[in-house]
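Asks: The structure's right below; bear with me while I get my questions together.
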Amino acid sequence: MTTVLRKTFLCLLVSAAVVTEASACSSSKPVAKTSKSTTTSAPKKKISRGEFEEEILAYTNKFRQSKGKPPLKLVDVISDEARDHSKDMANGRTGFGHEGFESRIDHVTKKMGRVAGAAENVAYGNLDAQGVVNGWINSPGHRKNMLGDYTMIGIGVAEGKNNITFFTQVFIKQ
């Protein structure tokens, strides 16, 4: 295993382990779990943000369907929150992680009504859509969120310094 791959694998394991220990947010949301990841893969091809998000949705739903789970519906209101979070991380307005997660869910609740459960995955790196989804799949905390009992998803992608992309998935169950 190359040094880069070994470091990436270790980073994913450490990230998932840390987040799993403190996965519940302090809110009245029944299932507010979060996970984060950093990794690298093949350089991403240049496509529009919308196409990138659609590819992430396709790989996420392909994985869910392979495990007998129904596909998630991409919802603009949720994606707006995910995009804003990715932009904030990319621009350094917030650190990499889940700061403001409960506020994002509160915004979704105000626009869509009651939220019974929510979760979030974040990642950053020089990744294409398949690379980021595979990183999440191979990390227990992220995988659990991806296979959760959610019906909707929001996806946000934003490019930061040095062409590093920040990713956010917000999962919602009403």
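Numbering-wise, the sequence shown is residues -24 to -1, 1 to 150 according to mature numbering (1 follows the signal peptide of the UniProt record, and there is no 0).
Yeah, the Cβ is synthetic: ideal placement off N, Cα and C, and Gly gets one too.
1. Going along the chain, which residues of its own chain have a beta-carbon closer than 6 Å to the beta-carbon of residue 3, five neighbours each way excluded?
2. Rounded to whole angstroms, what's the CA-CA distance from residue 138 to residue 106? Just pull it up for me.
3. Using a Cβ-Cβ cutoff of less than 7 Å, which residues in the same chain neighbour residue 62 once the five nearest sequence positions on both sides are dropped?
4. So is residue 37 buried or exposed if we call it buried at 16+ other beta carbons inside 10 Å?
5. State the start and end residues of the unbroken beta strand (DSSP E) segment that holds residue 143.
6. Please work out which residues of its chain come closer than 8 Å, Cβ to Cβ, to residue 51, disregarding the five sequence neighbours upstream and downstream, and give them in chain order.
7. Just to confirm, are residue 109 and residue 39 a CB contact at a threshold of 8 Å?
8. Give the single residue among 125, 114, 65 and 26 whose Cα lies nearest to the Cα of residue 44.
Replies: This is what the structure holds:
1. For residue 3, the predicted structure reports a pLDDT of 22, less than 50, and the residue's modelled location is therefore unreliable. A value from the coordinates is still provided. Excluding sequence neighbours, residue 3 sits near 78.
2. 20 Å
3. 132, 133, 134, 142, 143 and 144
4. buried
5. 141 to 149
6. 88, 128, 129, 130 and 148
7. yes
8. 125
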